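Per our numbering, residue 1 is the first one in the sequence shown, and the count goes up by one each step. Right, one structure below, let's go through it.
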Amino acid sequence: MEVIISKTYEEMSRAAALDVAEVLNATPDAVIGMATGSTPLGLYQELVRMHKKEGLDFSQVTTFNLDEYVGLPVTHSQSYHYFMHENFFKHVNIPPQNIHIPSGTTSNYRAFCDWYEQRIKECGGIDVQILGIGSDGHIAFNEPASSLSSRTRLKTLAKSTIDDNARFFKSRDEVPIYAITMGVGTILEARKILLLANGRKKAEAVAAAVEGPVTSMITASALQMHADSAVYVDDDAASKLQMREYYDWVQQKKPDAPKL
Ligand code: F6R
């Protein structure tokens, strides 16, 4: 795993956005896996800026979001449909028919999840997957003890995740208990994975994911099994990493490294 540590959230977001833009420049019809939550907001703002000011083109892009709350209509201000529209999709030129977000209101969750997996395959698989990390080490809504080969499915949220996400709702009671989420196995099939984390609250989870054992108790640790994953963190989220000096050294020496 490549660990890229930035001084600030803004710097981290910009570095990750450049990585996504590089994929898009090489593969204009790339399939991008999208995450929601507060972490990728800066990255999305930067991609929107690149689209508006530098002509970064999304006209051939296809997207698949990681997850959605069960029971929230797409118009609910905390649904991930709403989040993506407000923070990203309405500002770029992705054709609406290329956008996929799990349904939180389907009448048949199992059939929907099977279709979602199938649709990712039909689109050629995910080229670059953007991820945040929960304070319990989850990726998407793959809570501790999720199978590391899990697929898209309905999942019961951990109480700690409900607590963490209560900040977005009027009260804790309003936070949905269930979600549809891509599985760890689904995520690991992406060709490239970028995990972002900022803030002191994520430091333990980041250290466990990057330097701890691969375990279903920290589903982000499964990224250690992926051949092309990068972890973008700010100083606070990096504060518990034991190998920090090495990660910084690698980045410092990168410009002079033999070209692959
Ligand atoms: C959201 C998602 C979650 C979040 C994680 C961190 O689509 O998949 O795994 O990335 O809960 O959330 P924030 O960024 O709000 O701290």
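Glycine residues also receive a C-beta, built at the ideal position from the N, C-alpha and C atoms. Model, not experiment: these values are computed from the prediction.
Which of helix, strand or coil DSSP assigns to residue i
{"i": "residue 100", "result": "strand"}
{"i": "residue 181", "result": "strand"}
{"i": "residue 2", "result": "strand"}
{"i": "residue 8", "result": "coil"}
{"i": "residue 94", "result": "coil"}
Residue i, enclosing beta strand (DSSP E) - first and last residue
{"i": "residue 67", "result": "67-69"}
{"i": "residue 234", "result": "229-234"}
{"i": "residue 153", "result": "153-156"}
{"i": "residue 162", "result": "Looking at the DSSP string, residue 162 is not in any beta strand (DSSP E); the run it does join, the alpha helix (DSSP H), is 159-165."}
Residue span of the alpha helix (DSSP H) that contains residue i, given as start and end
{"i": "residue 129", "result": "No alpha helix (DSSP H) holds residue 129; the beta strand (DSSP E) holding it covers 128-131."}
{"i": "residue 119", "result": "109-122"}
{"i": "residue 50", "result": "41-54"}
{"i": "residue 206", "result": "203-211"}
{"i": "residue 143", "result": "Here residue 143 belongs to no alpha helix (DSSP H), and DSSP marks it neither H nor E."}
Local Cβ density within 10 Å of residue i, reported as buried at 16 or more and exposed below that
{"i": "residue 225", "result": "exposed"}
{"i": "residue 177", "result": "exposed"}
{"i": "residue 246", "result": "exposed"}
{"i": "residue 255", "result": "exposed"}
{"i": "residue 134", "result": "buried"}
C-beta contact flag for residue i and residue j at 7 Å
{"i": "residue 180", "j": "residue 229", "result": "no"}
{"i": "residue 130", "j": "residue 219", "result": "no"}
{"i": "residue 203", "j": "residue 240", "result": "yes"}
{"i": "residue 112", "j": "residue 105", "result": "no"}
{"i": "residue 184", "j": "residue 148", "result": "yes"}
{"i": "residue 234", "j": "residue 6", "result": "yes"}
Residues bridged to residue i (per DSSP)
{"i": "residue 32", "result": "63 and 128"}
{"i": "residue 24", "result": "Paired residues: none, contrary to the question."}
{"i": "residue 18", "result": "According to DSSP, residue 18 bridges with nothing at all."}
{"i": "residue 197", "result": "233"}
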